[in-house]
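*Asks:* Mapping to numbering that gives the first Met the number 0: the first sequence position 228 is 227, numbers consecutive. Got a structure here, written out as structure tokens. Questions coming.
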Amino acid sequence: MPELPEVETTRRQIGPAIVGPTIREVTIHPGAERLAMTHSPRELEGELTGRTIESLDRHGKYLVATLDDGRSWVLHLRMSGSLVVTQSSEPDRYERARVVFDDDTILRFNDLRKFGTWHLVEDARDAMPNAGPDALSEEFSARWLREQLARRSIAVKSALLDQKIAAGVGNIYADEACYIAGVDPRAASNSLGPRRVVRLHAAVIEALERSLVDGGTTFSDYLNGEGEPGLHRINVHVFRRDGEPCGRCGRTIQKIRLGGRGTHYCPRCQRR
DNA sequence: CATGACTCCTGTTTGC
DNA sequence: TGCAAACAGGAGTCAT
């Protein structure tokens, strides 16, 4: 559910509260055992207890907490996860784990669908072996995108969803980027000319950054680090707007299925 | 190699 | 209205 802008919003909100204090207690609740990917739940609780977080970074949709022992605690929210810092100790309905710090800060990991993951590893890259350049980093360049699109013939949207190509882009922003660039999401990746690739590259960044300044997009269950929904929904051009008129040309926005994912586009503004 | 189906869960929406 | 199937901001695995 959360994509790059939502994860980055979460990072900015919870980072100041959880970087510094010592972890006093970690609890992975019953039924959420699968959260712990690299250790048993009890082991992971024990390994994290007593540690402090020196920095909280993000790569794609992963959050990376660097611990004082040099290891990385890598968290992924998957479809329905959220991280919230609160004062109240009342558990949220879908709280799957919590971390209590020695200054009484409480970090909750809420996750209705239980797809979220925690890795504790020596090197953060070990927890995200398929992550390519972060979509908002310098490494994600127009040249990189051109080279990656050229070497395959998959649908453009499928390429944007490939974390090896652009880490952090998910279903919302893949659709939005295709719309902004005027590219049919079904177009073959190696069929785009250089100018269209440059447009698409700029569109990916524009879609992500426009959402980021609004604190991310919320459709149903995403909550940011303060437990509030993002405001970006009003700025989405096509995602989940099928049946509504295109803001640019007025044609009805269509919804199709592409690579197993719901895909939204304007049949007039977006061409192959 | 590359695609597509299936899987992990639980709640909501859609369609008959 | 009722009920079941489909669908949901993700991504790994396993056939084909």
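Backbone N, C-alpha and C fix where the C-beta goes; we use that ideal spot for every residue, glycine too. Here the structure is a predicted model, which is why all the values come from computation and not from measurement.
Starting from the Cα of residue 36, find the closest Cα among 196, 247 and 75 and give me that residue.
*Replies:* Considering only alpha carbons, the answer is 75.
*Asks:* Taking all protein chains shown into account, do 16 or more other C-beta atoms lie within 10 angstroms of the C-beta of residue 212, making it buried, or fewer, making it exposed?
*Replies:* exposed
*Asks:* Find out if the Cβ-Cβ distance for the pair residue 106, residue 27 is shorter than 8 Å.
*Replies:* When the beta-carbon positions are compared, residue 106 and residue 27 stay at least 8 Å from each other.
*Asks:* Which runs of the alpha helix (DSSP H) fall wholly inside the region 10 to 57 and span at least 4 residues, in chain order?
*Replies:* 40 to 47
*Asks:* What residues match up with residue 197 in a beta bridge as DSSP calls it?
*Replies:* DSSP lists no partner for residue 197.
*Asks:* Using the Cβ count rule (16 or more neighbours within 10 Å means buried), how would you classify residue 251?
*Replies:* With fewer than 16 Cβ atoms within 10 Å of its Cβ, residue 251 is classed as exposed.
*Asks:* Find out if the Cβ-Cβ distance for the pair residue 70, residue 119 is shorter than 8 Å.
*Replies:* yes
*Asks:* Under the criterion of a Cβ to heavy atom distance below 7 Å, does residue 20 qualify as lining the ligand HEM?
*Replies:* The ligand HEM is not part of the structure shown, which contains no ligands of any sort.
*Asks:* Assign residue 109 to buried or exposed, taking buried as 16 or more other Cβ atoms, counted over all protein chains shown, within 10 Å of its Cβ.
*Replies:* buried
*Asks:* What are the start and end residues of the beta strand (DSSP E) that includes residue 148?
*Replies:* Not the beta strand (DSSP E): residue 148 falls in the alpha helix (DSSP H), residues 141 to 149.
*Asks:* By how many angstroms is the C-alpha of residue 80 removed from the C-alpha of residue 6?
*Replies:* 10 Å
*Asks:* Using alpha carbons as the reference points, say which of 30, 18 and 151 lies closest to residue 101.
*Replies:* 18
*Asks:* How long is the line joining the alpha carbons of residue 173 and residue 9, rounded to whole angstroms?
*Replies:* 20 Å
*Asks:* Classify residue 163 as buried or exposed, calling it buried when 16 or more other Cβ atoms lie within 10 Å of its own Cβ.
*Replies:* exposed
*Asks:* Which residue marks the beginning of the beta strand (DSSP E) containing residue 93, and which one marks its end?
*Replies:* Counting along the chain, residue 93 falls outside any beta strand (DSSP E), and DSSP gives it neither H nor E.
*Asks:* Can you name the residues that DSSP bridges to residue 244?
*Replies:* 251
*Asks:* I'd like to know if the region 82 to 90 and the region 122 to 131 are in contact, where contact means that at least 3 CB-CB pairs between them fall below 8 Å.
*Replies:* no
*Asks:* So, with DSSP's three-state summary, where would you put residue 105?
*Replies:* strand
*Asks:* Here's the rule: buried if 16 or more other CB atoms are within 10 angstroms of the residue's CB, otherwise exposed. What is residue 137?
*Replies:* Burial call: exposed.
*Asks:* With H, G and I counted as helix, E and B as strand and the rest as coil, what does DSSP make of residue 134?
*Replies:* coil
*Asks:* Determine, using beta carbons only, whether residue 193 and residue 166 come nearer to each other than 8 Å.
*Replies:* no
*Asks:* Decide if residue 95 is buried, meaning its Cβ has at least 16 other Cβ atoms within 10 Å, or exposed.
*Replies:* Buried is the call here.
*Asks:* Cα separation between residue 32 and residue 22?
*Replies:* 20 Å
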